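Quick notes on the structure that follows.
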Amino acid sequence: MPWPVRDVSAAIAVKLPRMQIGHLGLGSNIGDRRANLQAAADALPGHGVAVLASSSTYDTEPVGEILDQADFLNACLRVETELDPEALLGACKAVERDLGRRGGGPRHGPRPIDVDLLLLGDVEYSSERLTLPHEQVLARRFVLIPLLELDFTLTTPSGERLADALAALPLDEGVRRAGPPLALGT
Numbered sequence: 208m209p210w211p212v213r214d215v216s217a218a219i220a221v222k223l224p225r226m227q228i229g230h231l232g233l234g235s236n237i238g239d240r241r242a243n244l245q246a247a248a249d250a251l252p253g254h255g256v257a258v259l260a261s262s263s264t265y266d267t268e269p270v271g272e273i274l275d276q277a278d279f280l281n282a283c284l285r286v287e288t289e290l291d292p293e294a295l296l297g298a299c300k301a302v303e304r305d306l307g308r309r310g311g312g313p314r315h316g317p318r319p320i321d322v323d324l325l326l327l328g329d330v331e332y333s334s335e336r337l338t339l340p341h342e343q344v345l346a347r348r349f350v351l352i353p354l355l356e357l358d359f360t361l362t363t364p365s366g367e368r369l370a371d372a373l374a375a376l377p378l379d380e381g382v383r384r385a386g387p388p389l390a391l392g393t
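To convert, note that position 81 of the sequence shown is 288 in the working numbering; the numbers rise steadily by one, no gaps.
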């Protein structure tokens, strides 16, 4: 039986033929960063996404277009859902909105919460809004380290090992363990 869904776009979305295991990336660099990540993990079940596990949290230096900003706190979640990729993205965006993220800010700028859809089982998908696996999943240490903490054997749908991708990256992106995993089922 599907979970209750608060987001209307997710409620009318096509369901996947079976439950899928997926992975989400969380990030925050405004306010109480850990509380923001925890609030996102706590909100996901109300949008049709069961949270199965959380990585530890990691302090990470900003990457991308705006480097002069506070460090981020990041974590990854292993989730289970029947939502299709677009509906799952809609659920992630609804959680961001519910937790105070507003659209229109600069790309890679400061934000109270970021919920990224990284992997969804063996699904490869591309649309105007979404690419699966996430286009940066193999290129960012702050994504790979917590993902591999959850499952060191993770691969992309095309068979690329995430551990091999991490080993190939330069050590110039600062990622430091900050704290324990987020609480589940709070």
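Think of the CB as a built atom: it goes at the ideal place given N, C-alpha and C, for glycine as much as any other residue.
Just so we're clear, the structure is a prediction, and the values are computed from it rather than from any experiment.
Three or more beta-carbon pairs separated by less than 8 Å are not found between the segment 261-269 and the segment 288-304, which leaves the two stretches without contact.
Beta-bridge partners assigned by DSSP to cysteine 283: Gly232. Nearest to leucine 355 by alpha-carbon distance, out of Met226, Leu231, Arg225, Gln227, is Leu231.
Exclusion of the five residues before and after proline 340 leaves Leu326, Thr363 as the residues of its chain whose Cβ lies within less than 6 Å of its Cβ. Here leucine 306 is near alanine 250, since their CB atoms are less than 8 Å apart.
In this structure, DSSP gives valine 256 a state outside helix and strand, which the three-state scheme calls coil. Residue environment for leucine 290: buried (at least 16 other C-beta atoms within 10 angstroms of its C-beta).
In the same chain as glutamine 245, and ignoring 5 residues on each side of it, the C-beta atoms closer than 6 Å to its own belong to Leu389, in chain order.
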